[in-house]
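Residue numbers (this note's numbering): 1 to 273.
For each residue, glycine too, the CB sits at the ideal point set by N, CA and C.
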Amino acid sequence: PMRLIVSVLAPIVGAVQWTVWCVLGLVGIRQEEGDELIDSHEEIRGTVNLHHEEGAVGREHRDMITGVLDLRELHIADVMVHRRSVVGIDADLAPEEMFKALIDSGHTRVPVWRDTQDNIIGVLRVAEVAREYALRGGSLADLDILSMMQEPWFVPDTTTLEEQLRAFRAHRSHFALVVDEYGALQGIVTREDILDEILGDIPDENEAESRGNIRKQKDGSYVVDGATPIRDLNRELDWNLPDDEATTIAGLVIYEARTIPEAKQRFSFYGYI
1 PMRLIVSVLA
11 PIVGAVQWTV
21 WCVLGLVGIR
31 QEEGDELIDS
41 HEEIRGTVNL
51 HHEEGAVGRE
61 HRDMITGVLD
71 LRELHIADVM
81 VHRRSVVGID
91 ADLAPEEMFK
101 ALIDSGHTRV
111 PVWRDTQDNI
121 IGVLRVAEVA
131 REYALRGGSL
141 ADLDILSMMQ
151 EPWFVPDTTT
161 LEEQLRAFRA
171 HRSHFALVVD
181 EYGALQGIVT
191 REDILDEILG
201 DIPDENEAES
211 RGNIRKQKDG
221 SYVVDGATPI
231 RDLNRELDWN
241 LPDDEATTIA
251 GLVIYEARTI
261 PEAKQRFSFY
271 GYI
């Protein structure tokens with residue numbers, strides 16, 4: 001039956017294709033150029049999604065493959081840690097206070113600011129400061145912490161993840177400060193933030209809970225932190241909420257509602273309440 005259907009429809013399909021290429025030829029597009037218009041990335045994505053629907057490819061593997069394909073489409077602003085969540089240290093603190101703040105930060109690298117938190121003057125590596133502290137027998141006397149600062153590396157928030165991953169490799173670093181077109185600090189991005197887009201969120205060993213808190217309730221509903229990225233929620237629950245106009249769940253609700261939600265207020269968007 002399939003051979004019969006193909007034999008009947010093949011001439012019709014061939015005639016339609018010939019007509020299309022004749023019309024495109026009138027505007028200067030040749031068939032060999034048209035073949036290049038087919039996006040190989042989208043072809044791979046479609047194939048993976050098809051096999052996932054058929055059960056041949058698991059959801060985790062599908063997410064990893066599509067995560068790699070998304071690297072050239074996503075920008076740093078989509079995955080960065082927002083400035084509101086960035087832990088920084090005042091350069092004018094006393095050595096004892098600065099050392100305590102570094103240890104208490106729970107991070108391997110901490111930005112140092114002066115006068116305002118937007119004025120980043122350097123980045124301190126906690127391990128380097130702790131090693132120097134240990135070599136001095138646990139004494140902060142004559143320890144110039146600021147002299148161990150590394151020069152801050154600023155990157156624009158419009159950089160794609162593929163470009164930034166390549167820049168991390170060339171710069172031999174995995175920590176950068178993100179700025180907008182006006183030079184204002186927007187947040188920080190690390191190599192791990194980009195890898196999380198491929199592998200999913202991998203909590204650090206000293207993290208109490210993973211970023212993007214999603215808790216399922218007994219009645220089947222979910223409690224989701226407003227700062228959770230839409231992509232994380234889609235990946236965790238296998239949903240398909242749009243992330244064109246907003247990056248986080250809170251941003252999506254505000255965008256769709258066109259107002260600041262109040263406590264216990266209910267909305268219905270994209271088939272979810």
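Worksheet item: What did DSSP end up calling T108 once you bin it into helix, strand or coil?
Response: To locate residue 108, count along the sequence shown from 1; it is residue 108. In the displayed model, T108 falls within coil according to three-state DSSP, outside both helix and strand.
Worksheet item: Among all the DSSP beta bridges, which residues are the ones paired with V86?
Response: Within the sequence shown, numbered from 1, the residue matching residue 86 stands at position 86. V86 is not bridged to any residue.
Practice prompt. Would you check if there are 3 or more beta carbon pairs closer than 8 Å linking the stretch 159-170 to the stretch 191-200?
Written response: yes
Fill in: Three-way DSSP call (helix, strand, coil) for I121 in this model
Working through the sequence shown from its first residue, we reach residue 121 at position 121. DSSP places I121 in strand when its eight states are reduced to three.
Worksheet item: If you measure from the beta carbon of V6 to each beta carbon in chain C, is any gap under 8 Å?
Response: No chain C is part of this structure, which consists of one protein chain only.
Discussion item. Are the CB atoms of I230 and I249 within a distance shorter than 8 Å?
Written reply: Counting from 1 along the sequence shown, the entry for residue 249 is found at position 249. Counting from 1 along the sequence shown, the entry for residue 230 is found at position 230. In contact: I249 and I230 (Cβ atoms closer than 8 Å).
Worksheet item: In three-state DSSP terms, what is T190?
Response: To locate residue 190, count along the sequence shown from 1; it is residue 190. In this structure, T190 counts as strand in the three-state DSSP scheme.
Worksheet item: Is the stretch 51-66 touching the stretch 131-144, taking contact as three or more C-beta pairs under 8 Å?
Response: no
Item to complete: Quick one: residues in its chain with C-beta nearer than 8 Å to the C-beta of E73, no 5 flanking neighbours on either side, listed in chain order?
Response: Walking along the sequence shown from the start, residue 73 turns up at place 73. Cβ neighbours of E73 beyond the five flanking positions: T160.
Worksheet item: Taking Cβ to Cβ, would you say P111 is nearer than 8 Å to I120?
Response: The residue you call residue 111 lines up with position 111 of the sequence shown. The residue you call residue 120 lines up with position 120 of the sequence shown. Their beta carbons are under 8 Å apart, which means P111 touches I120 by this criterion.
Discussion item. With distance defined between alpha-carbon atoms, name the residue in A257, D219 and R45 nearest to E275.
Written reply: Here the chain has residues from 1 to 273 only, and residue 275 is not among them.
Worksheet item: With distances taken between CB atoms, is the gap from L143 to E128 smaller than 8 Å?
Response: For this step, residue 143 is matched to residue 143 along the sequence shown. For this step, residue 128 is matched to residue 128 along the sequence shown. Contact flag unset, no.
Practice prompt. State the DSSP-derived secondary structure class of A208, mapped to helix, strand or coil.
Written response: On the sequence shown, position 208 is the one that residue 208 refers to. Any reading at A208 needs caution, since the residue's pLDDT is 48, under 50, leaving its predicted position unreliable; the model's value is listed next. The answer is coil: DSSP assigns A208 none of H, G, I, E or B.
Item to complete: Can you grab the Cα-Cα spacing for the pair L69 / E60, in whole Å?
Response: Mapped onto the sequence shown, residue 69 falls at position 69. Mapped onto the sequence shown, residue 60 falls at position 60. L69 and E60: Cα-Cα distance of roughly 14 Å.
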